[in-house]
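S.K.: Before I ask anything, here is the structure I am working with.
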Amino acid sequence: MKAAVFEKTGERLVLRDVVVPELGDNELLLKVAFTGICGSDLHAAETPGVLQPGTVMGHEFTGEIVQSTAPDWTVGTRVAANPYWLCDACAAGGSCRSGGDAACASGSFMGFRPDLPGAYADYVRIRAGQAIRLPDHVSLRDGALMEPLAVARHAVDVCGPMQGADVLVIGGGPIGLGVVLMARDAGAARVVLSEPDPNRRACALEIGAVAAIDPIAEGLPAALSRLGIGAPGIVFECVGAPGFLQQTIDVMALRGRAVIVGVCMTEDRVLPRTAIRKEATLKFVLGYRMADFHHVSRYLAGHAATAAAMISRVVSLGELPEIFDRLRAEKSLIKVLVRPGQGPAE
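Mapped onto my numbering, the consecutive letters of the sequence shown carry residue numbers 647 to 992.
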């Protein structure tokens, strides 16, 4: 089968012929339909020491079962997947660390190790316990949004009740836009996005944000005041770069809640006194749980057309190396999907 393979930091992915994965007990082989290009893939490929040569990335995917060693899963079933490969103890129903799922201490995400290949390929192997059946009228294309939306759903769930609340989302990438969707789904009254890119701001308005602020053209506090919101009671930080944690604390309301979703990979400076004076609650989130995937599956059953506004482009597996390089610098595209040549037609 064909796969786009990482070989060296800073170099283009290479299209190679690789062996189709063999199944163990209770596993599924999927014919990959669509795979999303994630920002974490871009960061991993350009950061020395993160990926080993021979790694096949791609952890946001849908496909059709073509082989099964699991009694409850049949050939032809359309699925999405939780790409977190649990340790044996957690996969068997136990828990090596309280919380399970992405909190599994010994697990790993597919697509970041050579021995756990992802879905930048014609076929991918998953455990049966990772699979989520797609609702009948949700396409394989739209279903490929399930993983990033599960991240957003988990963040909203960890935040707690937000019925009737004003919510600010900082950062309009796929995760930030997913938080816009999931916050609206959770009953937030007004959701505002802060994002400098005009295409991402336009998408936010299309999917339910009441306003989308350009923080470069207009200061965030002034813009919130103009909108009649003032200091929002709930803030989601979805950028993951130095300075944004402090900005989150600065704009939130007295006794407000902030959820830190963006993953900052470097040291950052924060003035604790700002948060102390506000008696602020800060929560940091990791990944998702299977319950988040099932929630998103139900959400897509009724709102797939809305979520699909996040999809900017679909490319072939052969086009992946070139578009992968472009996405390092081009921020106007939101979610690019890869459709391997042998993927099911839909």
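Every residue gets a Cβ at the ideal spot worked out from N, C-alpha and C, and that includes glycine.
How close, in whole Å, do the beta carbons of ALA832 and MET808 come, if the pair is a contact with beta carbons under 8 Å?
M.R.: 5 Å
S.K.: Please report how far the alpha carbon of ALA811 lies from the alpha carbon of ALA835, in whole angstroms.
M.R.: 5 Å
S.K.: Going straight from the alpha carbon of LEU983 to that of VAL960, what length do you get?
M.R.: 5 Å
S.K.: ARG799 and HIS689 look like a contact to me (Cβ under 8 Å); what is the Cβ gap, rounded to whole Å?
M.R.: Incorrect: roughly 22 Å between the Cβ atoms, too far for contact.
S.K.: Could you check whether GLY682 and GLU706 sit closer than 7 Å to each other, using their CB atoms as the reference points?
M.R.: yes
S.K.: Once the 5 residues before and after ALA950 are set aside, which same chain residues still bring their CB inside 6 Å of it?
M.R.: VAL784, ASP788
S.K.: Which residue spans inside the segment 888-976 form an unbroken beta strand (DSSP E) run of at least 3?
M.R.: 903-906, 927-930, 957-962
S.K.: Kindly indicate which three-state DSSP category ALA716 falls into: helix, strand or coil?
M.R.: coil
S.K.: With a CB to CB cut of under 7 Å and the five nearest residues on each side skipped, what residues in its chain are close to PHE890?
M.R.: ILE816, GLU883, GLY908
S.K.: Decide if THR720 is buried, meaning its Cβ has at least 16 other Cβ atoms within 10 Å, or exposed.
M.R.: Exposed, by the Cβ-count rule.
S.K.: Thinking ASP843 and ASP938 are a contact (beta carbons under 8 Å), I'd like their distance in whole angstroms, please.
M.R.: Between ASP938 and ASP843 the Cβ distance is about 26 Å, and since that is not below 8 Å, they are no contact.
S.K.: Quick check on ILE875: does DSSP put it in helix, strand or coil?
M.R.: Three-state DSSP puts ILE875 in coil, outside helix and strand.
S.K.: Residues in its own chain within less than 7 Å of ARG662 by CB, not counting five upstream and five downstream?
M.R.: For ARG662, same chain residues with a beta-carbon under 7 Å away, outside a window of 5 residues either side, are ALA649, VAL651 in chain order.
S.K.: What is the DSSP secondary structure of ASP782, reduced to helix, strand or coil?
M.R.: coil
S.K.: Skipping 5 residues on each side, what residues in its chain have a beta carbon closer than 8 Å to that of ALA1031?
M.R.: An answer regarding residue 1031 cannot be provided, because it is not within the stretch 647 to 992 covered by the chain.
S.K.: Tell me which same chain residues have a C-beta within less than 6 Å of the C-beta of THR655, skipping the five on either side of it?
M.R.: The beta carbon of THR655 sits closer than 6 Å to the beta carbons of PRO694 from its chain, once the five residues preceding and following it are set aside; these are given in chain order.
S.K.: Could you tell me how far apart the beta carbons of ILE853 and ALA955 are, in whole angstroms, since I believe they sit closer than 8 Å?
M.R.: 5 Å
S.K.: Can you give the Cα-Cα distance for CYS684 and LEU676, rounded to whole angstroms?
M.R.: Approximately 20 Å between the Cα atoms of the pair.
S.K.: Leaving out five residues on either side along the sequence, give the residues of the same chain with a beta carbon under 8 Å from the beta carbon of GLY987.
M.R.: Excluding residues within five positions, the ones whose Cβ falls inside 8 Å are LYS648, ASP768, SER962, LEU963, GLY964.
S.K.: Quick check on the DSSP output: what are the complete alpha helix (DSSP H) runs of length 4 or more inside the segment 784-823, in order along the chain?
M.R.: 786-789, 792-805
S.K.: Compute the distance between the beta-carbons of THR715 and GLU673, then report whether it is under 7 Å.
M.R.: yes
S.K.: Give the DSSP bridge partners of GLY682, in chain order.
M.R.: GLU706, LEU983
S.K.: Do you know offhand how far CYS910's Cα is from ALA796's?
M.R.: Each residue's alpha carbon lies about 20 Å from the other.
S.K.: Taking Cβ positions, are PRO760 and GLN698 nearer each other than 7 Å?
M.R.: yes
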